[in-house]
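J.:
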Amino acid sequence: AQHFLKRIHAHADLNAFITVDESATLAQAAAADAALQSGQAGALAGIPLAHKDVFVTTDFITTAGSKILTGYKSPFTATAIAKLGAAGAVCVGKANMDEFAMGSSNENSFYGAVKNPWNTKMVPGGSSGGSATAVAAGLCLGATGTDTGGSIRQPASFTGITGIKPTYGRVSRYGMIAYGSSLDQGGPMARTAEDCALLLTEMAGFDAKDSTSIERDDENFSRLLNQPFSPDATESQPLKGLKIGVPAEFYGEGLDAEVKAATLTAIEQFVKLGAVVVDVNLPKTELSIPTYYVIAPAEASSNLSRFDGVRYGHRATTYTDLEDMYRKTRAEGFGWEVQRRILIGTYVLSHGYYDAYYLQAQRLRRMIAQDYQNALAQCDVIMGPVAPTTAWALGDKTSDPVQMYLADIYTLSLNLAGLPGMSVPCGFDGQGLPIGLQIIGNYFDEARLLQLAHAFQ
Ligand code: GLN
Numbered sequence: 026a027q028h029f030l031k032r033i034h035a036h037a038d039l040n041a042f043i044t045v046d047e048s049a050t051l052a053q054a055a056a057a058d059a060a061l062q063s064g065q066a067g068a069l070a071g072i073p074l075a076h077k078d079v080f081v082t083t084d085f086i087t088t089a090g091s092k093i094l095t096g097y098k099s100p101f102t103a104t105a106i107a108k109l110g111a112a113g114a115v116c117v118g119k120a121n122m123d124e125f126a127m128g129s130s131n132e133n134s135f136y137g138a139v140k141n142p143w144n145t146k147m148v149p150g151g152s153s154g155g156s157a158t159a160v161a162a163g164l165c166l167g168a169t170g171t172d173t174g175g176s177i178r179q180p181a182s183f184t185g186i187t188g189i190k191p192t193y194g195r196v197s198r199y200g201m202i203a204y205g206s207s208l209d210q211g212g213p214m215a216r217t218a219e220d221c222a223l224l225l226t227e228m229a230g231f232d233a234k235d236s237t238s239i240e241r242d243d244e245n246f247s248r249l250l251n252q253p254f255s256p257d258a259t260e261s262q263p264l265k266g267l268k269i270g271v272p273a274e275f276y277g278e279g280l281d282a283e284v285k286a287a288t289l290t291a292i293e294q295f296v297k298l299g300a301v302v303v304d305v306n307l308p309k310t311e312l313s314i315p316t317y318y319v320i321a322p323a324e325a326s327s328n329l330s331r332f333d334g335v336r337y338g339h340r341a342t343t344y345t346d347l348e349d350m351y352r353k354t355r356a357e358g359f360g361w362e363v364q365r366r367i368l369i370g371t372y373v374l375s376h377g378y379y380d381a382y383y384l385q386a387q388r389l390r391r392m393i394a395q396d397y398q399n400a401l402a403q404c405d406v407i408m409g410p411v412a413p414t415t416a417w418a419l420g421d422k423t424s425d426p427v428q429m430y431l432a433d434i435y436t437l438s439l440n441l442a443g444l445p446g447m448s449v450p451c452g453f454d455g456q457g458l459p460i461g462l463q464i465i466g467n468y469f470d471e472a473r474l475l476q477l478a479h480a481f482q
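In terms of our numbering, the sequence shown is residues 26 to 482.
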């Protein structure tokens, strides 16, 4: 823990953390040490992790990247974080993030932008940008992230690490500050698929405190690592029998040539390991952007109504009456992107527009999920790029929110469908910036995805 705290201080310029609390970290490390001494150590005893600041914790302040939660200390700890802690993991700090997880570049944080350690003029991706940078720069051994529309996979891709967004309902959302509740899913980010498997095994599991938590037996997500894919597999072709679906819509206009080449080369590697490629279609890919950007803000506008200046964090200092206090608190406490999403969300939910926007988006959501089932009926997994480009320069897209939204084209649909997906590093562009390969599976296929990623790594 001391080693990583030193590194965090030495690389403070990356701005990967919102809160570092040395005494809280060292107290956790001492507890892990004691467990080791008494022979009661869990699977992650002493492993230093960074937690995205969207997970509430009793020992560290939680802000969700927002001014409105300045200094907020939760009376309870998020289930996923408590489970990692029970396994012995030590929290080295709360990782920076886009405010309330809204963003794709980590430039929407009240606590400042995070820098990409491969090139500090570039964004690390978002919204789990602090977690991604912390892992990539060696400021911890793994991290937690959340993915509502790509926020684990895209920053993992931009920083050259591995991240997995599990099936919706796998990891408890209890204590994970809600953005789009029907889309939000926590997951691990680490150097390798092997590390992600270790972390996911501890994080996941049924939780009665989350009404959408899936009632399934606990799983060991490492169980398929180094296993042959099928009985026909050989030593040189361990993935023999694997069918990889490559959707034409992920290779259309707007995809950077280097990202295209690197992801196709990666798929070729899988073919060398015994896989075959099948052409599939996800015809509603483009429509996932307007669909998502109606549903996510609609849910967000409702979820964020609790930040009213009465219950948590920041409150305006001067106001005339209660109504004025709400208005001033929220105007001062929320950043521009959050205010934009609240406006969009309340608009699409309002009388007279509900049918035209929200209901239509719900219909499209069902069709997008069906597209995936049609595609996955022809293959075992789907592969393609995570994002159309590699990391862009800080400030490049901040003045044009729509440009930012368009960059989410390959990640959003999976959350709308509730499917698991991961990002695996597969090369670099001409500027030395990492490129990620996305691997998408059917519901509950996480162990399979991790097996394939591990075979590739
Ligand atoms: N970029 C998307 C958004 O801003 C996704 C963010 C996320 O997954 N949390 O909503």
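Virtual Cβ for every residue (Gly too), placed ideally from N, Cα, C.
1) For Ala-400 versus Pro-272, is the C-beta distance shorter than 8 Å?
2) For Cys-165, name the three-state secondary structure that DSSP assigns.
3) Using a 10 Å radius around the Cβ and a threshold of 16 neighbouring Cβ atoms, would you call Gly-358 buried or exposed?
4) Taking the alpha carbon of His-28 as the reference point, which residue from Phe-42, Glu-47, Ala-41 and Ile-43 has its own alpha carbon closest?
5) Check Ser-156 in the structure and name its three-state DSSP category.
6) Thinking just about the alpha-carbon of each residue, which of Ala-107, Val-115, Ile-106 and Ser-152 is nearest to the one in Glu-124?
7) Could you check whether the segment 64–82 touches the segment 168–178, counting it as contact only if at least three pairs of C-beta atoms, one from each stretch, sit closer than 8 Å?
8) Could you have a look at Ser-63 and say whether DSSP puts it in helix, strand or coil?
9) Alpha carbon to alpha carbon, how far is Pro-213 from Ser-247? Give it in angstroms, no decimals.
10) With distances taken from CA atoms, which of Leu-419, Ile-407, Tyr-379 and Tyr-372 is nearest Val-303?
11) Is Phe-275 buried or exposed, if buried means 16 or more other CB atoms sit within 10 Å of its CB?
12) Mind pulling the beta strand (DSSP E) runs of 3 or more residues that sit fully within the segment 62–127?
13) According to DSSP, is Asp-220 part of a helix, a strand, or is it coil?
14) DSSP state of Pro-252, grouped into three classes?
15) Considering Met-214, what are the terminal residues of the beta strand (DSSP E) in which it resides?
16) Could you tell me the alpha carbon to alpha carbon distance between Ala-291 and Met-350, rounded to whole angstroms?
17) Return the CA-CA distance between Gly-452 and Gly-461, expressed in angstroms with no decimal places.
18) State the beta-bridge partners of Ser-448 as determined by DSSP.
19) Less than 7 Å between the CB of Ser-375 and some heavy atom of ligand 1, yes or no?
20) Taking the beta strand (DSSP E) that Thr-44 belongs to, which residues open and close that run?
T.: Based on what the coordinates show:
1) yes
2) Secondary structure at Cys-165: coil, using DSSP grouped into helix, strand and coil.
3) buried
4) Glu-47
5) helix
6) Out of Ala-107, Val-115, Ile-106 and Ser-152, Ser-152 has the C-alpha closest to the C-alpha of Glu-124.
7) yes
8) coil
9) 13 Å
10) Ile-407
11) buried
12) 73–77 and 115–120
13) helix
14) What sits at residue 252 in the sequence shown is Gln, not Pro. Coil.
15) 211–215
16) Linking Ala-291 to Met-350 through their CA atoms gives a straight-line distance of about 55 Å.
17) 7 Å
18) Gly-188 and Gln-463
19) no
20) 42–44
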